[in-house]
Amino acid sequence: MDCKPSVLFLILFALVCQGHLTNHHSNEVNLLDSKASQGELGWISYPSHGWEEISGVDEHYTPIRTFQVCNVMEYSQNNWLRTNWISRNSAQKIYVELKFTLRDCNSIPLVLGTCKETFNLYYMETEEDQGDQFWEHQFSKIDTIAADESFTQTDLGDRILKLNTEVREVGPVARKGFYLAFQDVGACVALVSVRVYFKKCPFTVRNLATFPDTVPTDSQALVEVRGSCVNNSREAEPPRMYCSTEGEWLVPIGKCLCDIGHEPRGATCQVCRPGFYKSSPGNLRCSKCPPHSYTLQEGSAHCSCEKNFFRSEADPTSMACTQPPSAPRNVISVINETSVILDWGWPADSGGRKDVTFNVLCKRCWAGQRQCEACRGAVRFLPRPAGLSNTTVTVTDLLAHTNYTFEIEALNGVSALVPSQRQFAAVSITTNQAAPSAVAVIRKDRTSRNSISLSWLEPERPNGIILDYEVKFYEKQEQETSYTILRAKGTNVTLNGLKPDTVYLLQIRARTAAGYGASSRKFEFETSPDSFSISSENSQVVLIAISSAVAIILLSVVVYLLLGRFCGYSKSKHPDEKRLPFGNGHLRLPGIRTYVDPHTYEDPSQAIHEFARELDASCIAIDKVVGAGEFGEVCSGRLKQPSKKETCVAIKTLKAGYTETQRRDFLSEASIMGQFDHPNIIRLEGVVTRSKPVMIVTEYMDNGSLDSFLRRHDAQFTVIQLVGMLRGIASGMKYLSDMGYVHRDLAARNILVNSNLVCKVSDFGLSRVLEDDPEAAYTTRGGKIPIRWTAPEAIAYRKFTSASDAWSYGIVVWEVMSYGERPYWEMSNQDVIKAVDEGYRLPPPMDCPAALYQLMLDCWQKDRNNRPKFDHIVSILDKLIRNPSSLKIIANAPSPENMLLDRTGADIATFCSMGDWLESMQTLPCKDIFNGASYSSCNTLAKTSTEIYLAEVRPAATCPEWETAMGITTL
């Protein structure tokens, strides 16, 4: 019986009914595909009567070539089929895909030979094509190929398709090429197709970086590939990706930024169009020129101001060009003797700016003359004469009955650029009659047993003609219960009728037509006990000496107080507290970008307009409500801005009936968020403050919060994917730490996830409702604290730093590795505080790599100075990604009796004695046993506790409690 026609029939039937079954992936590169050749393949068959090449057609009636052999009626079959020479290109690991049919030996009647249901696959490496030569012994066997399903005679009748597909790996191959060979030892088999291919990571563009075709090596490790920035871009962080052995790109790291004057469009950076600009590298779109500015060129870094409009050096390029303000309006003066209160209205035109200030110039004028001069002397301005942000000032210590003119000038940030356009409003006044100022200098000219001669200087501000002086004196011991008053026309007087050797107190005040002025300070003197007297000249020398000594003492006290205040301030600053404020009158450090607390602004709305872009409410379409926040609803919607593509956004709205405080707190989050620009920080699109409802618009994150996302996809991610998420969070926190911003509420619920599994830090509100669960927050004088995520020093002393954020990051790592499980489970907040304070730490989640659990423990160091910085955390995660094998070591799970934490992780060396350590381990029943063991120190015990127990304690007595706590298993 001849079986060949039956085999050929089934081949043709399979091709017509099923067609091409191979699904070629974009990451597979074919070295050989027998279906692609419509002519003869020219493979070598040995012996010649073995394998036979047959023509057929596929489902499109395209000719194809197949091979069959079915010599089952003969004994001792050894039929070889060898392919042509195949160049391996750059591949090291080769894949061979075979599609074939094979007949069941039991279905072939009257078989005379030895029937088989398998055939063998071989290969041979060579440096060049060997032609038609064939050496059977030089081939190496790859595998024996068996059919999953074989066909029978009945199948032929019923036309049941049974086409087998098998894939085998070959390699690593090192020579330039190779041959494949198929050995038949007595089967009825037909090769429908043979495809030889290798896998590669195909060329791609990611984060504006190009990654070339990359062929993975034969090793299990990932291949790190450095990307190249596309044209008109530069590296922000070196772009890298990892090529897996399956030809898939994994874990994109770093990115490129479009150059100044260029914006990302698709996978390239394109030049800005005329009328648009971009002043800094980044992946934001080009912005339309601000009002009163223009550019006619492509690729502009800034827009030029229109005529008569200006921009100061401190103005950002995104700010509109402006003009100096108009003059203040409606100046009102209120005179009170020698003081005047000036009040004025805001300029009708502020020039388009909000940094308007006022200067007040005082001029003294003479009646009947047009001559004026700048005020001199001790004229005082409250609060100050220049840089006023309010529209009122008080001027004091003017002269009485004097004409003054005050010029009030309005200035803004561009006034200095056009001095000729400065405008001011003027008001003229005449001060009223006023009492004189106090007498400041009194001299003792001569002293005797019963009299004293005094003189003094006229008051600094007489405020008119002094009519006389009132001299009031009395004995010091009488305490002003009985005093004497004299009147003097001049500036000297002699007091007679005094008691000898007696101390007197004296005060003098001047009088004008407006009345008496203020009294001088109390002056103390003493009459002589005998006829001895002091001359005026000697008296002046003594007074000068005393005055000099007093001045020196006062100067020393002032210097001491100033130094003490400075030193005290410096010492009071904690080294962990960074203060690098800028803007709003603060110091701006060149080259360093730092976070600015919006609450430091006198006007909180100024922070909003400085850091957040105002959006037109008509550009926002709200689709649906997705949740509720502390201040209102959270919605999803779309943002369509002129000349920009419509994007999906998240929208927070402020509920109706809000107070001004609620509005300020609501918008403070936007003031904070608007200062950040990082791929792992949620991006602020803008705010709506000029219409209702007030809104904060951010980018939309498809997968929502990280904790909910992980719970929905429990155990569905690889460890590398989870580490990639953690790396993104750490990168975002490193950026915040470098900015000097402390998050205070880092938790998985405040991490958002987009469609590409990129994690972004969010929730920057200073006032927030943590959870519906009242147990979620521990209330202190400073507000609410998320206990389960907060470092001990922040709970106890409200000491929030980047180190306390690092503690919270350790909790986030635990949440991620446990797929969103609640930290500390159902324990109460007080129990958590007590446990953590006693040194307890969360146990490793199931199947958690030891390296990640060690990172958690490092973040949970009690001494915050020992916790890793975020740049170090990023470096640790990068190393783990580059070396996936390091993640295969799994952390030991805790014992059932200790579900809270692994007590073996406690630092035994922190206990001062063995007894203290035993008590901390709650093993008091075994205390006597351990006291009998020999040990040198707690440090020794911390390193070799298990060995000491097994070697010294256990032979004498067992301690089940300690064995359970330490995880020792008794065999």
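Under mature numbering (1 follows the signal peptide of the UniProt record, and there is no 0), read the sequence shown as residues -19 to -1, 1 to 952, first letter to last.
Beta carbons are placed, not taken as given, at the ideal position from N, Cα and C, and that holds for glycine.
Between which two residues does the beta strand (DSSP E) containing LYS80 stretch? 75 to 83 is the span of the beta strand (DSSP E), which, as asked, contains LYS80.
So LEU858 is in the alpha helix (DSSP H); what residue range does that whole segment cover? For LEU858, the enclosing alpha helix (DSSP H) covers residues 851 to 863.
Check whether the segment 686 to 693 touches the segment 638 to 658, taking contact to mean three or more Cβ pairs, one atom from each stretch, closer than 8 Å. The way I'd put it, the segment 686 to 693 doesn't touch the segment 638 to 658; fewer than three beta-carbon pairs between them come closer than 8 Å.
Hey, out of PRO826, PHE132, CYS253 and THR47, whose CA is closest to ILE89's CA? That would be PHE132, whose Cα lies nearest to the Cα of ILE89.
Could you have a look at GLU287 and say whether DSSP puts it in helix, strand or coil? DSSP, read as helix, strand or coil, puts GLU287 in coil.
Report the three-state DSSP secondary structure of GLN58 (helix, strand or coil). Note: GLN58 maps to coil in three-state DSSP.
Boundaries (first-last residue) of the beta strand (DSSP E) holding HIS243: Where HIS243 is concerned, the enclosing beta strand (DSSP E) stretches over 243 to 246.
Using three-state DSSP, classify GLY705 as helix, strand or coil. Annotated three-state conformation of GLY705 is helix, per DSSP.
Please specify which runs of the beta strand (DSSP E), each continuous and at least 3 residues long, are wholly inside the segment 340 to 381, giving them in chain order. As far as the segment 340 to 381 is concerned, its whole beta strand (DSSP E) runs of at least 3 residues are 353 to 355, 361 to 363 and 373 to 377.
With respect to the alpha helix (DSSP H) encompassing ALA777, which residues constitute its N-terminal and C-terminal limits? Run containing ALA777: 773 to 778, per the alpha helix (DSSP H) assignment.
Alpha carbon to alpha carbon, how far is LYS16 from LEU144? For the pair LYS16 and LEU144, the Cα-to-Cα distance works out to about 15 Å.
Measuring CA to CA, which of ASP578, ALA415 and THR226 is closest to ASN8? The candidate whose alpha carbon is nearest that of ASN8 is THR226.
Could you spell out the range, first to last residue, of the beta strand (DSSP E) harbouring VAL232? Element bounds for VAL232: 230 to 239.
Coarse secondary structure for LEU2, derived from DSSP in three states: Per-residue confidence for LEU2 stands at a pLDDT of 43, beneath the threshold of 50, marking its modelled position as unreliable; no derived number is given.
Determine the direct distance from the alpha carbon of GLY394 to that of GLU388, and round the result to whole angstroms. Rounded to whole angstroms, GLU388 to GLY394 spans 20 Å at the Cα level.
Stretch pair the segment 450 to 464 + the segment 472 to 488: three plus CB contacts closer than 8 Å: Segments in contact, yes.
The beta strand (DSSP E) spanning ASN810 covers which residue range? Run containing ASN810: none in the beta strand (DSSP E); it sits in the alpha helix (DSSP H), 810 to 818.
Should VAL523 go down as buried or exposed, given a rule of 16 or more other Cβ atoms within 10 Å for buried? Low per-residue confidence applies at VAL523: pLDDT is 43, beneath 50, and the placement is therefore not dependable, though the value from the model is reported in the following sentence. Residue environment: VAL523 is assigned as exposed (fewer than 16 neighbouring CB atoms within 10 Å of its CB, all protein chains considered).
Host alpha helix (DSSP H) of VAL797 (start-end): 783 to 798 is the span of the alpha helix (DSSP H), which, as asked, contains VAL797.
Spatial neighbours of ARG63 within its chain, please: C-beta separation below 7 Å, excluding the five flanking residues on both sides. The beta carbon of ARG63 is closer than 7 Å to those of TRP24, ILE25, PHE115, TYR160 and ALA162 in its chain, skipping five residues each way along the sequence.
Which same chain residues, not among the five before or five after VAL700, have their C-beta less than 7 Å away from its C-beta? Answer for VAL700: PRO830 and LEU868, listed in chain order.
Through-space distance from GLN835 to GLY709, alpha-carbon basis: Whole-angstrom Cα-Cα distance: 19 Å.
Euclidean distance between Cα positions of LYS97 and CYS86: Going by C-alpha positions, LYS97 is about 7 Å away from CYS86.
Can you grab the Cα-Cα spacing for the pair residue 963 / CYS616, in whole Å? Any question about residue 963 goes unanswered here, given that the chain covers just -19 to 952.
Assuming LYS715 and PRO773 make a contact with CB atoms under 8 Å, what is their CB distance in whole Å? A Cβ-Cβ distance of about 23 Å is found for the pair LYS715 and PRO773, leaving them out of contact under the 8 Å criterion.
Assumed close pair ASN289, GLN304 - CB separation to whole angstroms, cut-off 8 Å: Sure, about 7 Å apart at Cβ, within 8 Å.
Backbone CA spacing between LYS673 and GLY256 [nearest angstrom]: The straight-line gap separating the alpha-carbon atoms of LYS673 and GLY256 is approximately 31 Å.
Measuring CB to CB, does ASP726 end up less than 9 Å from TRP770? Yes.
When DSSP labels each residue in this structure, what does MET105 get in the three-state scheme? DSSP places MET105 in strand when its eight states are reduced to three.
Cα-Cα, which of TYR681, TYR778 and ALA696 is closest to SER736? With distances taken between Cα atoms, SER736 lies closest to TYR681.
With which residues is PHE179 paired in a DSSP beta bridge? VAL10, per the DSSP bridge assignment.
To test your reading of the DSSP string, which unbroken beta strand (DSSP E) runs of 3 or more residues are found completely within the segment 402 to 454? Whole beta strand (DSSP E) segments, 3+ residues: 404 to 411, 423 to 428 and 433 to 437.
In the DSSP assignment, find the alpha helix (DSSP H) that holds GLU591 and state where it starts and stops. GLU591 -> alpha helix (DSSP H) spans 585 to 592.
DSSP-derived helix/strand/coil call for GLU650: For GLU650, the three-state secondary structure derived from DSSP is helix.
Based on DSSP bridge pairs, tell me the residues matched to VAL395. None, per the DSSP bridge assignment.
Quick one: does GLY112 have its CB under 9 Å from some CB of chain C? Included in the structure is just one protein chain, with no chain C present.
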